Amino acid sequence: MARTLAAPTALGDPIGRDELLQEYGLASPTGQGLLVTGAEQSIEPLQNLVELAAKLCGVPNGVINVVTSDEQRQVAAVGFEAAVCSRQDSMCAKVFLTSETTVVTDASLDPRFAPSGLMRSWTARI
539 MARTLAAPTA LGDPIGRDEL LQEYGLASPT GQGLLVTGAE QSIEPLQNLV ELAAKLCGVP
599 NGVINVVTSD EQRQVAAVGF EAAVCSRQDS MCAKVFLTSE TTVVTDASLD PRFAPSGLMR
659 SWTARI
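Numbering (my numbering), first residue to last: 539 to 664.
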(Lines of atoms letter the chains of each structure in order from A and count residues from 1; the text may use other names and numbers.)
(Lines give C-alpha, C1' and ligand atoms only; values in the text may rest on other atoms or scores of the structure.)
Protein backbone atom coordinates (compact mmCIF):
# COMPACT_ATOMS: atom_id res chain seq x y z
CA MET A 1 0.00 0.00 0.00
CA ALA A 2 1.49 3.34 -1.07
CA ARG A 3 1.68 6.11 1.46
CA THR A 4 1.38 9.77 0.58
CA LEU A 5 4.02 11.99 2.14
CA ALA A 6 3.91 15.69 2.65
CA ALA A 7 6.39 17.14 0.16
CA PRO A 8 8.59 19.03 2.69
CA THR A 9 8.88 15.87 4.82
CA ALA A 10 9.84 13.76 1.82
CA LEU A 11 12.61 16.11 0.70
CA GLY A 12 14.71 15.50 3.82
CA ASP A 13 14.05 11.76 3.88
CA PRO A 14 15.78 9.80 1.08
CA ILE A 15 13.30 6.92 1.29
CA GLY A 16 10.36 9.32 1.36
CA ARG A 17 11.86 11.30 -1.52
CA ASP A 18 12.19 8.17 -3.64
CA GLU A 19 8.62 7.13 -2.81
CA LEU A 20 7.38 10.61 -3.74
CA LEU A 21 9.23 10.46 -7.08
CA GLN A 22 7.72 7.02 -7.73
CA GLU A 23 4.25 8.30 -6.81
CA TYR A 24 4.58 10.99 -9.49
CA GLY A 25 5.97 8.54 -12.06
CA LEU A 26 9.43 10.13 -12.08
CA ALA A 27 11.37 7.10 -10.84
CA SER A 28 10.86 3.38 -10.98
CA PRO A 29 11.12 1.08 -7.96
CA THR A 30 14.51 -0.04 -9.36
CA GLY A 31 15.81 3.54 -9.30
CA GLN A 32 15.87 4.02 -13.06
CA GLY A 33 14.61 7.36 -14.33
CA LEU A 34 11.50 7.37 -16.48
CA LEU A 35 11.96 10.60 -18.42
CA VAL A 36 13.63 8.77 -21.31
CA THR A 37 12.13 5.50 -22.45
CA GLY A 38 13.94 4.62 -25.65
CA ALA A 39 12.34 5.98 -28.80
CA GLU A 40 8.96 6.30 -27.09
CA GLN A 41 8.23 9.86 -26.02
CA SER A 42 5.51 10.90 -23.63
CA ILE A 43 4.66 14.11 -21.84
CA GLU A 44 3.29 12.16 -18.88
CA PRO A 45 6.62 12.25 -16.94
CA LEU A 46 6.86 16.00 -17.60
CA GLN A 47 3.28 16.48 -16.45
CA ASN A 48 4.10 14.51 -13.32
CA LEU A 49 7.22 16.62 -12.79
CA VAL A 50 5.38 19.94 -13.04
CA GLU A 51 2.69 18.67 -10.65
CA LEU A 52 5.37 17.64 -8.16
CA ALA A 53 7.19 20.98 -8.51
CA ALA A 54 3.99 22.93 -7.87
CA LYS A 55 3.25 20.76 -4.84
CA LEU A 56 6.78 21.22 -3.45
CA CYS A 57 6.59 24.99 -3.97
CA GLY A 58 3.09 25.19 -2.50
CA VAL A 59 1.64 26.95 -5.55
CA PRO A 60 -1.50 26.20 -7.59
CA ASN A 61 0.11 26.67 -11.02
CA GLY A 62 3.20 25.36 -12.72
CA VAL A 63 4.50 24.94 -16.24
CA ILE A 64 7.37 23.47 -18.24
CA ASN A 65 8.16 25.54 -21.32
CA VAL A 66 10.15 24.65 -24.40
CA VAL A 67 11.38 27.77 -26.16
CA THR A 68 12.32 27.52 -29.84
CA SER A 69 13.56 30.18 -32.23
CA ASP A 70 10.01 31.38 -32.87
CA GLU A 71 7.67 30.08 -30.15
CA GLN A 72 7.22 29.14 -26.52
CA ARG A 73 5.41 25.84 -26.15
CA GLN A 74 4.04 24.88 -22.75
CA VAL A 75 4.58 21.13 -22.85
CA ALA A 76 3.16 20.43 -19.39
CA ALA A 77 1.07 22.58 -17.07
CA VAL A 78 -0.88 22.38 -13.84
CA GLY A 79 -3.54 24.89 -12.79
CA PHE A 80 -4.26 26.04 -16.34
CA GLU A 81 -4.36 24.65 -19.86
CA ALA A 82 -1.03 24.48 -21.69
CA ALA A 83 -0.74 26.72 -24.75
CA VAL A 84 1.66 28.07 -27.35
CA CYS A 85 2.65 31.70 -27.89
CA SER A 86 5.22 33.49 -30.01
CA ARG A 87 8.69 33.64 -28.50
CA GLN A 88 8.60 37.41 -28.82
CA ASP A 89 5.52 37.57 -26.54
CA SER A 90 6.76 35.00 -24.03
CA MET A 91 7.83 35.85 -20.51
CA CYS A 92 10.69 33.36 -20.78
CA ALA A 93 12.25 35.17 -23.74
CA LYS A 94 12.56 38.32 -21.67
CA VAL A 95 14.66 36.65 -18.97
CA PHE A 96 16.20 33.33 -20.06
CA LEU A 97 19.17 34.81 -21.91
CA THR A 98 20.38 36.69 -18.84
CA SER A 99 22.74 35.03 -16.41
CA GLU A 100 20.90 36.51 -13.44
CA THR A 101 18.39 34.87 -11.14
CA THR A 102 14.91 36.22 -11.86
CA VAL A 103 12.44 36.80 -9.04
CA VAL A 104 9.11 38.39 -9.90
CA THR A 105 6.61 38.76 -7.07
CA ASP A 106 3.84 40.21 -9.26
CA ALA A 107 4.33 39.81 -13.00
CA SER A 108 1.40 42.14 -13.74
CA LEU A 109 3.38 45.02 -12.16
CA ASP A 110 6.77 44.19 -13.70
CA PRO A 111 7.47 46.50 -16.67
CA ARG A 112 8.97 43.61 -18.65
CA PHE A 113 5.74 41.60 -18.46
CA ALA A 114 2.86 44.01 -17.74
CA PRO A 115 2.27 45.01 -21.41
CA SER A 116 1.92 41.34 -22.41
CA GLY A 117 -1.47 40.01 -23.38
CA LEU A 118 -0.69 37.06 -21.13
CA MET A 119 -0.68 39.32 -18.08
CA ARG A 120 -4.17 40.53 -18.87
CA SER A 121 -5.45 36.97 -18.69
CA TRP A 122 -3.58 35.58 -15.65
CA THR A 123 -0.88 36.31 -13.10
CA ALA A 124 2.27 34.31 -12.48
CA ARG A 125 5.04 33.91 -9.96
CA ILE A 126 8.38 33.27 -11.63
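Yeah, the Cβ is synthetic: ideal placement off N, Cα and C, and Gly gets one too.
Fair warning: this is a prediction, and the values are worked out from it, not measured in the lab.
Start-to-end residues for the alpha helix (DSSP H) that takes in residue 589:
That run of the alpha helix (DSSP H) goes 582 to 595.
C-alpha gap between residue 643 and residue 651, whole angstroms:
Straight-line Cα distance between these residues: approximately 12 Å.
Residue 615 - DSSP class collapsed to helix/strand/coil
Reduced to three states, the DSSP call for residue 615 is strand.
Continuous beta strand (DSSP E) stretch holding residue 622: start and end
Here the beta strand (DSSP E) through residue 622 covers 622 to 624.
CA-CA distance, residue 596 and residue 605?
In a straight line, the C-alpha of residue 596 is about 25 Å away from that of residue 605.
If we count the other Cβ atoms within 10 Å of its Cβ and call it buried at 16 or more, is residue 649 buried or exposed?
Sixteen is the threshold: since fewer than 16 other Cβ atoms of the shown chains lie within 10 Å of the Cβ of residue 649, the residue is exposed.
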